[in-house]
Amino acid sequence: MLKYVFYSVFIFGIYGAGILVYNEFSQGNICPKLLNIPACYIILACLVIPFLAHVFKKDNIIYFTGTGIAWSIAFYGSIMQISGVIECPKTSAGIPMCYISFAIFTLLIVLKIKEFKKVK
0 MLKYVFYSVF
10 IFGIYGAGIL
20 VYNEFSQGNI
30 CPKLLNIPAC
40 YIILACLVIP
50 FLAHVFKKDN
60 IIYFTGTGIA
70 WSIAFYGSIM
80 QISGVIECPK
90 TSAGIPMCYI
100 SFAIFTLLIV
110 LKIKEFKKVK
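Be aware that the sequence shown starts at 0, since it is given in numbering that gives the first Met the number 0, and climbs by one per residue.
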């Protein structure tokens, strides 16, 4: 069951980030920049790499590095969104996507810790 939750969260995240990356690439100025790189590019990479590490049962360091970097970016983005410093892209319902990213990466980290404890 845990396996399907992992896959569902990853697919949801990759799909959402993929749409943002496509829009950023085709229209520009959709995502906030980090070191002049659109944050959605980094978030997509931080979803795909841990997903592959999870599927191919690679070292947990790869998984936690990717999800940890993205969690930090999403946390920072959420704080900056709340404080009004930056404007995160929003869903059609008006929910800032940095909040969704924060929730996704928190869930992925918690699920991996749960899986790790279950194996022991």
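We put the beta carbon where it would ideally sit given N, CA and C, even for glycine. Source: prediction; values computed, not measured.
| Item | Value |
| --- | --- |
| Range of the contiguous alpha helix (DSSP H) that encloses CYS39 | 38-54 |
| DSSP bridge partner residues for VAL19 (one or two, in chain order) | Reading the sequence as shown, one finds Leu at residue 19 and not Val. In the DSSP output, where bridge partners are listed per residue, LEU19 has none listed. |
| Assigned exposure category for PHE11 - 16 Cβ within 10 Å defines buried | exposed |
| PHE104 classed as buried or exposed, judged by whether at least 16 other C-beta atoms fall within 10 angstroms | buried |
| Euclidean distance between Cα positions of ILE99 and CYS87 | 11 Å |
| Beta-carbon separation (whole angstroms), LEU110 vs PHE5, contact threshold 8 Å | 6 Å |
| Simplified DSSP assignment, three categories, for PHE89 | According to the sequence displayed, residue 89 carries Lys and not Phe. DSSP places LYS89 in strand when its eight states are reduced to three. |
| Residue range of the unbroken alpha helix (DSSP H) whose run includes ASN59 | 59-82 |
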